[in-house]
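Position in the sequence shown counted from 1, then plus 807, gives you our numbering. Built from N, CA and C at the ideal position, the CB exists for glycine as well. From a predicted model like this one, the values you see are computed outputs, not experimental measurements.
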Amino acid sequence: MMQTTTEAHSLEVTDSPVTLAQIGKLQPPFVLAPLPYPAASLEPAIDAKTMEIHHDKHHQTYIDNLNKLIAAKSETKNLQTILTTLTGKEKGIKNNAGGHWNHSFFWTLLSGDNKKTKIPDRLKLEIEASFGTFDKFKEAFEKAGLAQFGSGWAWLYRDANGKLAITTTSNQENPLMDVATVKGRPIFTVDVWEHAYYLEYQNKRADYLKAIWSVVNWVQVDAYDREVTAH
Ligand SMILES: [Fe+2]
């Protein structure tokens, strides 16, 4: 697939997995890419209205704020470079660049297509080797997501030693940031901000975390994992 990733302002929607490199190379001014599937296609796990508001309003707002903040400083760095040079920068850049990266990544990780929601054997074995069983992994991930106090994200990532691990971050922080509390290379995440689930689940974050497994695009997670373990 030919793509001019060095000049892309938004992700191209195709049926192929996205790469972390494509997200990282996005250039300002950033533009919101369409969801890679119809908003209703994740029902009943996530309702269409939540997806529409989350994508069209929340994600768009992070992009608009980020574009304003960086235009004021005449920054021309790509998204990856912005995330890895936050030391000493104002908090707004961290929040909005994180918001843009995290949501761009999150949309790619969901699917209503059962060809994509079946976990590839390679990744399943990797997860089993790290967490005992696939169910134990899911349990640990849900527990982490539930324990994140306030807004944030739960992550499955490769740590500095290349091991699969689970962590959470607050607000829009992510493990790629130079200022991150826990650093690593993410391959999967779940948004645990209330805006991700409140319409359908209200305060029941645990139910949302359980339901989301039915719409995880494991083919995409596997592609991210192959990408981060190849380097
Ligand atoms: Fe969100």
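Just mark Asn903 as buried or exposed, buried being the case when its beta carbon has 16 or more other beta carbons within 10 Å. buried
What does the shell around ligand 2 hold, if a residue joins when its beta-carbon is under 6 Å from any heavy atom? Inclusion of ligand 2 in the displayed structure is not the case, the ligand content consisting of ligand 1 alone.
Name the residue from Lys943, Ile994 and Ser911 whose alpha carbon lies nearest to the alpha carbon of Tyr964. Ile994
Here's a check: name, in chain order, each residue in its chain whose Cβ is nearer than 8 Å to the Cβ of Glu1034, leaving out the five neighbours to either side. Thr826, Leu827 and Ala828
Run through the segment 848 to 907 for me and flag every whole alpha helix (DSSP H) of 4 or more residues, listed as ranges in chain order. 855 to 859, 867 to 879 and 886 to 891
Determine whether the beta carbon atoms of Leu890 and Trp914 lie at a separation below 8 Å. no
Taking the alpha-carbon positions, what's the Gly895 to Leu971 distance? 30 Å
Let me know the alpha helix (DSSP H) ranges lying completely inside the segment 986 to 1032, each 4 residues or longer, listed in chain order. 1005 to 1008 and 1012 to 1018
Look up Leu953 in the DSSP assignment and say whether it is helix, strand or coil. helix
For Val997 versus Ile853, is the C-beta distance shorter than 8 Å? no
Express the C-alpha separation of Ile830 and Ser911 in angstroms, rounding to a whole number. 7 Å
If we ignore side chains and look at the alpha-carbon of each, how far apart do Ala936 and Arg1012 end up? 28 Å
Endpoints, beta strand (DSSP E) assigned at Ile973: Leu971 to Ser977
Does the separation of the CB atoms of Pro843 and Val820 fall below 8 Å? yes
How about Glu859 and Ala840: are their beta carbons less than 8 Å apart? no
Distance check for Glu949 and Phe837, CA to CA, integer angstroms please. 32 Å
Quick one: what does DSSP say Gly1098 is sitting in, helix, strand or coil? A query on residue 1098 cannot be resolved here, the shown segment of the chain reaching from 808 to 1038 and no further.
Between which residues of its own chain and Ile1050 is the CB-CB distance below 6 Å, once the five residues before and five after are set aside? Residue 1050 lies beyond the range of the chain shown here (808 to 1038); nothing can be said about it.
Put Leu932 into one of helix, strand or coil per three-state DSSP. helix
Might you give, ordered along the chain, the residues of its own chain that have their beta carbon closer than 8 Å to the beta carbon of Pro947, omitting 5 neighbours on each side? Inspection of the sequence shows that residue 947 is occupied by Ala rather than by Pro. Closer than 8 Å at the Cβ level, and outside the excluded window around Ala947, lie Phe938 and Ile973.
Per DSSP, which one or two residues make a beta bridge with Leu917? Val1023
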